Structures are given as structure tokens and as C-alpha cells.
Amino acid sequence: MKRWMIWIALGALVVLTVWKLASNKRIVQERVYRHDKSAPVHVGVDTVRQALLGEGTRYSGTVEATHDGRVMAEVPGRVVALEVKEGEWVERGAVIARLDGELLRLQLEAAQVQVGGLEKDHARYTILAKADAVQAVQLEKTDVALEAARIQRDNLSEQLRRTTIVAPFSGQVVQLLVEVGTVLAPSMPVAQLTDHRAMDLVLLVPASDRGRFRIGDALTVTAGGTRSLVGKVSSVGDRGDGAHNFAVRIALASSVNDAIRPGMSASVQAPRKGEVPGAVIPANALIGSTLQPEVYVVQDGIAKRRTIVTTATSGGLVAVAEGLKPGDIVVTSGFISLADGMPVRYR
């Protein structure tokens, strides 16, 4: 009897254990994350650009802001207020400094009084001239005096307006060149203003190499040591300097503002004769092996895996000979949950 009860108890224990294990398995499976293949994957992307990435001749130059200049005083006067600080960003038309305009203000008031008096005289002489009570020459003299007074008034008004010195373009106040109390003459500098949102690499190349650069060419620029980016030739000088060098300006992409600043040195590769710029992508867009490199290309919101042929690599950029064209969008991050044919989302 006891043996029979033991077997029943063991059987019940086995059943209970199996049921508990099955229950735990179901709970674990419910808690396991399963990616929804219909939900878009968030990825980082970049656009395939056209540039030269080879062993062309390298030239060094200096990065300059496209808009950079000094804010000048236009009228004489003493500085009574500075409305900005060094390092501050200002918009076009923002007040930089104010000059003492009290004397001009008094002169303007006197000119306005004079104009008012002459206008009354002109009105009175007009009535009298119609009645032949005064000679016509007297009315003409009043006309001339009134016109001269108006010109003087407008001139004083313009000078008074220019005692408020404003920013001619939007930019950062790099340096204040005056302080409160400074007496300025016309054309004296007040502040140095730089707009680093648009920058150029300026090269000085010998006459023999001027033909290597053509307006619109996209070239690989190396700045900040090893950082590479794409620049586009915006102008090629037509006149050389005293050393027979010609200025070449290469516009840099606006997205590099945080890494590149005016005054930094940078270099660029110019193509050899017969070299043609090709498709270039960031190295972090590559997946697969070095023997068979691949990328994800985004088309209509879908990531499509594509095999490519690469050639040169330099400064984090890879030249692509086959498989991509300028303007294609490639994935550069977010590969963990990504597979061929999956929808993606990017900014």
C-alpha cells in the first residue's frame, strides 16, 4: 500500500514539474524581444559625393570665412556705448556701437526750424507774387534757400543715423577694436566680424598648375590632421601675385562648421592629367569583407544591400568604381537590426 502511494506521489511530482517548466518557458518566450520586421529601422545615412580620391598632387592653403571683414565708422564721433561682446553672434543690422550724436541732433533741430521758417516764407511770397505784391525774383530766392535748407537737414539726419554703427552682415564678433570713450574718425575700424557658416580653402598655386583646377570640380580636402571632406572649386584667379601664384578658392561643405575654423591649414588633392573625380563614400558605410565590400542603399525608404567595387581609401573616405553613383543615399550606422529589404527611417 505504501509503495503504491509513493508511486502516485512521484507521478504527481513529475506532472507538476513538467507543467511548471512549460509555464516558465511560455513566460520567457513572451518576454523575449522580437523585432517587428514591418517597423522601420532608425539608421544614419550619407549621400554619395563626387570627388577625386587618388594620388594627385597635393596643395596646402588656409581656411577663410567667405564673409569676413571689419565694421567701420562712417562719421566722426566719440564712442558712448558698445552693444555687443567679443564672441557674440549678431544678425545683419544689429547695433554694434553708438557714437555721441548730441551736437548733430542740435544741428538737425536748428535745420528743421530753418526749413519750417522758409516754408512759411515760401507760402507767403507765393501768395504775394500772384498779387504782384513782390517781385518774382524774391520768390525764386526763397525757393533756392528752401531747397538748400532741406538738403542740409537731410544731410544732418543721415549723419545722425550713422552714429549708430550696425553689422553689415550676420556673423560672430571676433574682436572689438574700440572701447567706450574712443574718438573715431571716418573709416576707422570698430569690430572684426566673421561669418563662419560658409568657408573657403584658399590656395596659391603656380601658373603651371592653374589648369588643374576648374570651377565646379569636387576635390578631397584634408583638414585638422586626418579629417577628410569634399570641397568644390568656386573660383580660379585670372591674375597672379608678385610670386606668379594664382588664388584658387574651394568652397567647403556647410556641415563641417563645428570641426573647421577660419585660419586653420588644410590641403587638397588636384587631379593629374586624365584623372576624373568619381563616387566617394564614408568608410563606415562599408559592410561585408574587403574582398567583397557591400553597402546598404536606401531607395524609397527601403534598405537594399548592394555589392560595390572600391579603389582608393584616404582619410575615412572610400572611392567607389562600380555600384554607386553621386546622389545615392547609403547607410552609415544602425546596422544591428538591419537586413536586406527592410524599411528604414533617417533624418
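Under the working numbering, think of the first position of the sequence shown as 2, with each following residue one higher.
Each residue gets a CB set at the ideal place from its N, CA and C atoms; glycine is no exception.
Treat the numbers as computed from the prediction; the structure is a model and nothing was measured.
Member of the options whose CA lies at the smallest distance from the CA of residue i
i: Ala205; options: Val49, Arg348, Val64, Thr48; result: With the sequence shown as reference, residue 205 is identified as Leu, and Ala is not the correct amino acid for it. Cα-wise, what sits closest to Leu205 is Val64.
i: Asp210; options: Val96, Ile303, Ala271; result: Ala271
i: Met73; options: Gln193, Ser61, Val175, Leu129; result: Gln193
i: Tyr60; options: Gly70, Ala248, Val345; result: Ala248
i: Val331; options: Arg93, Gly302, Leu140; result: Gly302
i: Gly241; options: Glu141, Pro207, Glu159, Pro263; result: Pro207
i: Pro294; options: Val269, Ala280, Val321; result: Val321
i: Thr67; options: Ile251, Leu129, Ser268, Gln300; result: Ile251
i: Gln136; options: Tyr126, Pro344, Asp201; result: Tyr126
i: Thr164; options: Ile337, Ala82, Ala224, Ala280; result: Ala82
i: Phe170; options: Leu292, Gly279, Arg71; result: Arg71
i: Ala112; options: Ile152, Ser290, Gly94, Ser338; result: Ile152
i: Arg93; options: Asp69, Val114, Gln115; result: Asp69
i: Gly279; options: Lys326, Asn246, Ile261; result: Lys326
i: Asp239; options: Asn156, Pro263, Gly212, Arg262; result: Gly212
i: Leu140; options: Met189, Lys121, Leu22; result: Lys121
i: His197; options: Leu292, Gly88, Arg154, Asn246; result: Gly88
i: Lys86; options: Glu159, Leu17, Gln176; result: Gln176
i: Phe214; options: Thr18, Thr58, Leu14, Ile337; result: Thr58
i: Arg154; options: Val138, Gly117, Leu14; result: Gly117
Cβ-based neighbour list, residue i, same chain, cut-off 6 Å, excluding 5 preceding and 5 following
i: Val319; result: Ile282, Ala284, Thr311
i: Tyr34; result: Any reading at Tyr34 must be qualified, since the residue scores a pLDDT of 49, below 50, and its modelled position is unreliable; no value is offered.
i: Val184; result: Arg79
i: Gly62; result: Leu202, Val203, Leu204
i: Ile288; result: Glu295
i: Gln115; result: Ala150
i: Ser188; result: Met73
i: Leu17; result: none
Beta-carbon proximity check, residue i vs residue j, cutoff 8 Å
i: Val167; j: Leu178; result: no
i: Gly342; j: Val42; result: no
i: Val96; j: Val181; result: no
i: Leu100; j: Gly78; result: yes
i: Thr333; j: Ala286; result: yes
i: Arg49; j: Gly328; result: The sequence as given places Val at residue 49; Arg does not occur at that position. For Val49 and Gly328, yes; Cβs fall inside 8 Å.
i: Arg119; j: Ala146; result: Reading the sequence as shown, one finds Leu at residue 119 and not Arg. For Leu119 and Ala146, yes; Cβs fall inside 8 Å.
i: Met265; j: Ala224; result: yes
i: Val356; j: Val345; result: Residue 356 is absent from the model: the chain starts at 2 and stops at 348.
i: Ala52; j: Ala219; result: yes
i: Val44; j: Leu339; result: yes
Sheet register partners of residue i (DSSP bridge)
i: Asn246; result: Pro207
i: Glu92; result: Per DSSP, none; premise fails for Glu92.
i: Thr195; result: Asp69, Gln173
i: Gly45; result: Ser334
i: Val85; result: BP columns for Val85 are empty, so no partner.
i: Val233; result: Contrary to the premise, residue 233 reads as Lys rather than Val in this sequence. BP columns for Lys233 point to Ala219, Ala252.
i: Ile261; result: For Ile261, which the question treats as bridged, DSSP gives no partner whatsoever.
i: Thr58; result: Ala271
i: Gly78; result: Leu185
i: Lys21; result: For Lys21, which the question treats as bridged, DSSP gives no partner whatsoever.
Same chain only: Cβ atoms within 8 Å of residue i, ignoring 5 sequence neighbours per side
i: Ile216; result: Val234, Ser235, Ser236, Val237
i: Ala186; result: Ala74, Pro77
i: Val222; result: Leu202, Ser229, Leu230, Val231, Gly232, Ile251, Leu253, Ala267, Ser268, Val269
i: Ala132; result: none
i: Leu157; result: Leu105, Gln108, Leu109, Ala112
i: Glu84; result: Ala95, Val96, Ile97, Ala98, Arg99
i: Asn246; result: Leu205, Val206, Pro207, Ala208
7 Å Cβ shell around residue i - same chain, five flanking residues per side excluded
i: Leu161; result: Gly102, Leu105, Arg106, Leu109
i: Ala244; result: none
i: Trp90; result: Gln173
i: Asp144; result: His123
i: Gly324; result: Arg307, Thr308, Ile309, Val310
i: Thr195; result: Ala66, Asp69, Gly172, Gln173, Val175, Pro263
i: Thr314; result: Ala284
Closer than 8 Å to chain D by CB, residue i
i: Arg240; result: Among the protein chains of the structure shown there is no chain D, as only one such chain exists.
Scan the segment 312-345 and note each continuous beta strand (DSSP E) run of 3 residues or more that stays entirely inside, going in chain order.
318-323, 330-334
Along the chain, which unbroken stretches of the alpha helix (DSSP H) at least 4 residues long are found entirely within the segment 98-160?
103-131
Complete beta strand (DSSP E) runs within the segment 274-298 (minimum length 3 residues, chain order)
279-283
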